[in-house]
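Heads up: the sequence shown begins at 359 in the numbering used here, then just goes up one per residue. Beneath this line is the structure, given in structure tokens, with notes to follow.
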Amino acid sequence: MKQERAVRTRQALLESAATVFGRRGYAEATLNMISVGAGVSPGALHFHFENKAAVAQAVEAAGARTLRAVTREVYTRRTSALQALADSSQALAGLLLSDVVARAAFQLNREPAYPSSFALPREWHDYVYRLLVEAAEEGALLPGLNHRNVATTVVAATLGFEALGRDDPQWLAPRTLAGFWRVVMPCLAAPAVLRELDTAGRGS
């Protein structure tokens, strides 16, 4: 019973911290704001976390686990690499819309006052690049494409949606991502492959 209560308290603290980091930024966030938001005492917070940096690291770690779980699920059920790319971007956008901890984890990567322990943009880039290499092996890409340049473009765009979505959720809406892929996929996919792709994402 005590263990379950401790798990619930820790999760409440992570969600409160993510909300505070999202609204105030790391530099202005305080442990008192986080404990008040979670509805727990400062002592309960310090039982779980030594300081603000430890809280931020836990938020990042939780966000990273969720990102990996989401991309792993899409990758496991993929029908093709390019379809998985569209599906994964929709899954990432959905995660950022619904999960305050995941949103804060990406934001912490950009905080100048916080030495990030994770490299979520790099993880996302590596995943996108892997899918593009697999797409080339499947013969799904147009000839002459530089996989790394394409990966950089896709990551810049999708993480741009993430940043813009902090103030306007419509940037992360399924139709926004679908519109992006309707523009981009014809520049990537071989014609026969393009006809089979669902830019809105399957299972999103």
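Virtual Cβ for every residue (Gly too), placed ideally from N, Cα, C.
Which residues in the same chain as residue i place their Cβ atom closer than 7 Å to its Cβ, once the five residues preceding and following it in sequence are excluded?
i      : result
ALA494 : HIS505
VAL458 : GLU373, ALA376, THR377, GLY380
PRO527 : LEU455
ALA416 : LEU372, PHE407
Might you give, ordered along the chain, the residues of its own chain that have their beta carbon closer than 6 Å to the beta carbon of residue i, omitting 5 neighbours on each side?
i      : result
LEU522 : TRP529
THR429 : SER446, TYR485
GLY559 : ALA444, ASP445, GLN448
ALA471 : TYR384, ALA385
To the nearest angstrom, report how far apart residue i and residue j are at their CA atoms.
i      : j      : result
GLN361 : GLY397 : 18 Å
ALA462 : LEU478 : 11 Å
SER562 : ALA498 : With a pLDDT of 42 at SER562, under the threshold of 50, the modelled position of that residue is not reliable, and the figure given next carries that caveat. Roughly 22 Å separates the two Cα atoms.
GLN441 : ALA402 : 45 Å
THR516 : THR557 : 14 Å
GLU492 : ALA439 : 6 Å
GLU496 : GLY502 : 15 Å
With DSSP as the reference, please indicate the residues paired to residue i in a beta bridge.
i      : result
ALA547 : LEU499
Got a sec? Which residues, its chain only, sit under 8 Å from residue i by beta carbon, not counting five neighbours each side?
i      : result
VAL544 : One point to set straight first is that residue 544 is Pro, not Val, in the sequence displayed. Taken in chain order, the residues that qualify are LEU552.
ARG524 : GLY380, ARG461, GLN465
Would you check if there are 3 or more beta carbon pairs closer than 8 Å linking the region 366 to 375 to the region 404 to 417? yes
Would you mind listing the alpha helix (DSSP H) stretches within the region 471 to 517 that are 4+ residues and don't spill past its ends, in chain order? 478 to 495, all fully within the region 471 to 517.
With three or more C-beta pairs closer than 8 Å as the rule, is the region 418 to 426 touching the region 379 to 399? The region 379 to 399 makes no contact with the region 418 to 426, as fewer than three CB pairs between them are under 8 Å.
Three or more C-beta pairs closer than 8 Å, one from the region 526 to 541 and one from the region 480 to 489: is that the case here? These segments do not touch.
Secondary structure, alpha helix (DSSP H): runs of 4+ residues fully inside the region 393 to 442: 400 to 406, 410 to 434
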